[in-house]
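Start counting the sequence shown at 1; every next residue gets the next number (our numbering).
All C-beta atoms in this analysis are idealised placements derived from N, C-alpha and C, irrespective of residue type, glycine included.
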Amino acid sequence: MRNILFVTSILILSVFLPGIASGQSLDSIRQTAWDGHYAEARKMCMERADYPENIDILFLVGQTHHWEGNSASAKNIFQDILAQHPDHTDAISALTSINNIAGEFKHTISLASDGLSVDANNEDLLYNRAFAYAEIKRMKEARSDLDRLLTISPGHSQGLELKESMASFQIPGSIGIYQSVQWHNDPYERRFYITTVEAPIGDKNVKIIPRFSYGSLLSGENVTGGSQSG
């Protein structure tokens, strides 16, 4: 009878304490990863009985690879997750971050757009897409995503930094065209026409003014031309 009760007790513990039967709990593994012990966290994930079927555990393995700088392995895992769960916005977000690091901005925009169709207010996806838009000089779309992001989260530090960097050097708001004439009679009659085009870039603190000038010298029937820039 005692042996039967002892076995029953073990079975009850196995039912009500799945962490013991399946390995470490997800929270404890996450904490190990957050502490920077990526290889140890992956080992703990793989020791669980529900690996790799448990998508949360599989995603954490992908995250440890990503945080460790192993983008190829992380990317493969996140793509496997999306093959099973196309709406997994965390995996989409992680992939867009990897794509931005790799300079694959068009892929980021496509992926982030898919994710935002599921979760329109996802802060990571809004930021990553805004960053990608800015990198390929689609400033209107970048500002639209940033405005939405900062409406949702006014203190979003990365969003604020990106907005500030975009404001520092904007596409010229206006292009100036100037023309002048210099008329000389001594020792002979000659006219010097100068046409200048300039486009200020920057703000009140830092401003760069690319300038192109073209000059024509007329003296009687002779005409010579030249250009200079500054």
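- [ ] Check whether the Cβ atoms of residue 282 and residue 123 lie closer than 8 angstroms to each other.
- [x] The question about residue 282 has no answer here: the residues shown for the chain are numbered 1 through 230.
Task: Continuous alpha helix (DSSP H) stretch holding residue 48: start and end - done: Counting along the chain, residue 48 falls outside any alpha helix (DSSP H), and DSSP gives it neither H nor E.
Task: Environment of residue 44 [buried if 16+ CB atoms lie within 10 Å] - done: It is buried - the Cβ of residue 44 has at least 16 other Cβ atoms within 10 Å.
Open item on the list: Just to confirm before moving on: does the CB-CB distance between residue 98 and residue 129 stay below 8 angstroms?
Closed with: Not a contact, by the Cβ cut-off of 8 angstroms.
Open item on the list: Whole angstroms are fine: how far does the CA of residue 23 sit from the CA of residue 96?
Closed with: Separation of residue 96 and residue 23 (C-alpha to C-alpha, rounded to the nearest whole angstrom) is 31 angstroms.
Task: Neighbour-count burial assignment, residue 61, 16 or more Cβ in a 10 Å radius - done: If you draw a 10 Å sphere on the C-beta of residue 61, you find 16 or more other C-beta atoms in it, and that means buried.
- [ ] Just confirm the distance between the C-beta atoms of residue 33 and residue 63, as a whole number of angstroms; I'd bet it's less than 8 angstroms.
- [x] Yes, residue 33 and residue 63 are in contact; Cβ-Cβ is about 7 angstroms, under 8 angstroms.
TODO: Under 7 angstroms Cβ to Cβ from residue 149, same chain only, skipping five residues before and after it: list those, please.
DONE: Answer for residue 149: 123, 126, 127, 130, 156, 159, listed in chain order.
Open item on the list: Can you look up residue 164 in the DSSP assignment and give me helix, strand or coil?
Closed with: DSSP places residue 164 within a helical segment (H, G or I) once states are collapsed to three.
Task: Coil, strand or helix - residue 155 by DSSP - done: DSSP places residue 155 in the coil class of the three-state scheme, outside both helix and strand.
Task: Proximity winner among 48, 92, 28, 164, relative to residue 79 (alpha-carbon distances) - done: Among 48, 92, 28, 164, the Cα nearest to that of residue 79 is on 92.
TODO: Give the DSSP-derived three-state secondary structure of residue 13 in the structure shown.
DONE: Low confidence applies to residue 13: its pLDDT is 40, below 50, so where it sits in the model is not reliable, and the reading given next is rough at best. Look at residue 13 here: in three-state DSSP terms it is helix.
- [ ] Return the chain-ordered ranges of every beta strand (DSSP E) run that is complete within the region 64-127 and spans a minimum of 3 residues.
- [x] Runs found: none.
TODO: Compute the Euclidean distance between the alpha carbons of residue 153 and residue 196, then round it to the nearest angstrom.
DONE: Approximately 45 angstroms, taken between the alpha carbons.
TODO: Hey, could you find the ends of the alpha helix (DSSP H) residue 24 is sitting in?
DONE: Per DSSP, residue 24 lies in no alpha helix (DSSP H) segment and is marked neither H nor E.
Task: Beta-carbon gap between residue 29 and residue 41 smaller than 8 angstroms - done: Contact flag set, yes.
Task: Spatial distance of residue 104 from residue 72 (CA atoms) - done: One alpha carbon belongs to residue 104, the other to residue 72, and they sit about 14 angstroms apart.
TODO: Starting from the C-beta of residue 88, find all residues in its chain whose C-beta is less than 8 angstroms away, skip the five residues before and the five after it, and write them out in chain order.
DONE: 55, 59, 81, 82, listed in sequence order.
Task: residue 26 versus residue 116: straight-line alpha-carbon distance, rounded - done: Distance between the alpha carbons of residue 26 and residue 116 is about 27 angstroms.
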